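Take a look at the structure below.
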Ligand SMILES: Cc1cc2nc3c(=O)[nH]c(=O)nc-3n(C[C@H](O)[C@H](O)[C@H](O)COP(=O)(O)O)c2cc1C
């Protein structure tokens, strides 16, 4: 395991469970300490999109010594306090509901509280919002959070890389998350734009 402080992964009930799965898988593949927090709507979406019960996925992740999960209402978990050091947090996917709560300073569950801690402690906070189309309140909430230092990473395909399918798009988003969290200095070479092909 690395000496890095844990990275917190918040999973909310927006579409895109596959991105959360890929993010945690990659953190654990690198033996990076990982704390996962999952809202109740996210469990429902997980079942629908992954065809798998989130609890079964947890059992699989829990085989890795670097992995920890806390229940969404466990406000006594270490990540609820700014005194507990983390390397930052990504919310992937980030629902408009959770983004609105965060932008309004609400922290009524452990996921929101942990993200709020990142904001107040000036730690990296990465949001991967998933909604379309976006109305003005969605946009204003994201602007508020961006101005507070959060990095907003919409899960947009890099069309110029000519993705061959969903997994190429997901890999690109995960690579973007790692750069935004400062876990990587740059995108992998094969995900960098190299200019027009002659
Ligand atoms: C299948 C499914 C897909 C959803 N997709 C989205 C989405 O892409 N974006 C979003 O903001 N909400 C989406 N929702 C609605 C959220 O789950 C809902 O607003 C919920 O209250 C979010 O709660 P949370 O922020 O605590 O996870 C979806 C719900 C379901 C059941």
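Numbering (our numbering), first residue to last: -8 to 189.
For each residue, glycine too, the CB sits at the ideal point set by N, CA and C.
Computed from a prediction, not measured in an experiment: that's the story for all the values here.
Report buried or exposed for residue 123, applying the criterion of at least 16 other Cβ atoms within 10 angstroms of its Cβ.
The residue in question, residue 123, is exposed, as its Cβ has fewer than 16 Cβ neighbours within 10 Å.
Sorry if obvious, but does the Cβ on residue 87 come closer than 6 Å to a heavy atom of ligand 1?
Yes, ligand 1 has a heavy atom inside 6 Å of this Cβ.
Go to residue 14, then tell me how far its alpha helix (DSSP H) extends in each direction, as first and last residue.
Start and end: 8 to 20.
Work out the CA separation of residue 66 and residue 79 for me, nearest whole Å.
Cα to Cα, residue 79 sits roughly 18 Å from residue 66.
Rounded separation between residue 152 and residue 55 - CA only:
Straight through space, the alpha carbons of residue 55 and residue 152 are spaced by roughly 33 Å.
Can you look up residue 60 in the DSSP assignment and give me helix, strand or coil?
The answer is strand: DSSP assigns residue 60 an E or B state.
Mind checking which residues open and close the alpha helix (DSSP H) that includes residue 120?
Unbroken run through residue 120 is the beta strand (DSSP E), 116 to 120; no alpha helix (DSSP H).
Using only the heavy atoms of ligand 1, determine whether one of them is closer than 6 Å to the beta carbon of residue 43.
In this structure, ligand 1 has no non-hydrogen atom nearer than 6 Å to the beta-carbon of residue 43.
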